[in-house]
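The listed protein sequences correspond, in order, to chains A and B. As numbered in the numbering used here, residues 28 to 131 make up the first sequence, in order. As numbered in the numbering used here, residues 1421 to 1550 make up the second sequence, in order. Here a beta-carbon is modelled for each residue, glycine too, at the ideal position from N, C-alpha and C. First up is the structure itself, then whatever we jot down about it.
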Amino acid sequence: MGLILWLLQRMSAIAIMCAVVLTYIYFSHVDFNFISWTNYFRSPLYGTFFCFAWCALLLHAWIGVWTIITDYVPSRKLRFILLGLYGSFLMLSAISALHIRGAI
Amino acid sequence: MARNKRPVFLNLMQIHLPVTAWVSIAHRLSGLLLAFIMPIMIFPIGYSLVSVENFEHVRQILAQHCVLRMGLHILALTYLYHVFAGVRHLIMDCNIGLSRQAGKYSAWALIILFTPILFSVMYHLAFQEC
Chain A
28 MGLILWLLQR MSAIAIMCAV VLTYIYFSHV DFNFISWTNY FRSPLYGTFF CFAWCALLLH
88 AWIGVWTIIT DYVPSRKLRF ILLGLYGSFL MLSAISALHI RGAI
Chain B
1421 MARNKRPVFL NLMQIHLPVT AWVSIAHRLS GLLLAFIMPI MIFPIGYSLV SVENFEHVRQ
1481 ILAQHCVLRM GLHILALTYL YHVFAGVRHL IMDCNIGLSR QAGKYSAWAL IILFTPILFS
1541 VMYHLAFQEC
């Protein structure tokens, strides 16, 4: 389990870096306005990869925060509460990201 | 428990940490900041995608509020630092530069690489942005 988390942390990091580079490439070739902005999220390449990388970002954040909380919060109960709060925060963000992909 | 009787010395002014420790702590802190701010960023993005009016509204808010633009710059800086330190970790995961001396060199390399970016963005923020 630890090894899988370790690997996921690295892979998601690489996915996020790729998404940032792709976004940079896209917007360095077009004017920044509403049309190009929505086209970015509609595009099969950029839009899909954005959504994928957003999920990778949330996973990366979850593993990172989980690591920090297990390091610094000794009480099991408090750890559970904090992780639960943070997890629902991330779920909210994930639902919004999927909603963007579905709505456009 | 014997474990809890170990002496604790936490005078931060006197503890001398190696450069690798500072780089690692900063990696953690920048990650923590990003972990709380980045998930929120989906909401303005989603809002701006609904219609042209919404898009212009977000633009207007950003144009009016210098603090928000500053925040975005700082977020970008934090991200960049996190990426640099993360790439250093990825290289170490490939069994490159694992010795203590190599770790120190790469930590200094990271600082030397990041400092000009930090100062140029700070300069930009101080004299051009607001």
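- The alpha-carbon separation between Lys1425(B) and Val1439(B) amounts to approximately 29 Å.
- Among the residues of the segment 1452-1463 of chain B, those with a Cβ less than 9 Å away from any Cβ of chain A are Leu1452, Leu1454, Ala1455, Phe1456, Met1458, Pro1459, Ile1460, Met1461, Ile1462, Phe1463, in the order of the chain.
- When secondary structure is reduced to three states using DSSP, Leu1518(B) falls in the coil class, being assigned neither helix nor strand.
- Setting aside the 5 residues that flank it on each side, Val1541(B) is surrounded in the same chain by His1493, Leu1497, each with a C-beta closer than 7 Å to its C-beta; the list follows chain order.
- Burial check for Ser39(A): the Cβ neighbour count within 10 Å reaches 16 or more, so the residue is buried.
- Setting aside the 5 residues that flank it on each side, Ile1531(B) is surrounded in the same chain by Val1439, Val1443, each with a C-beta closer than 8 Å to its C-beta; the list follows chain order.
- For Asn66(A), the enclosing alpha helix (DSSP H) begins and ends at 61-69.
- DSSP, read as helix, strand or coil, puts Val1439(B) in helix.
- Per the coordinates, the alpha-carbon of Ala83(A) lies some 18 Å from the alpha-carbon of Leu1495(B).
- Per the Cβ contact rule, the segment 80-99 of chain A is in contact with the segment 110-118 of chain A (3 or more Cβ pairs under 8 Å).
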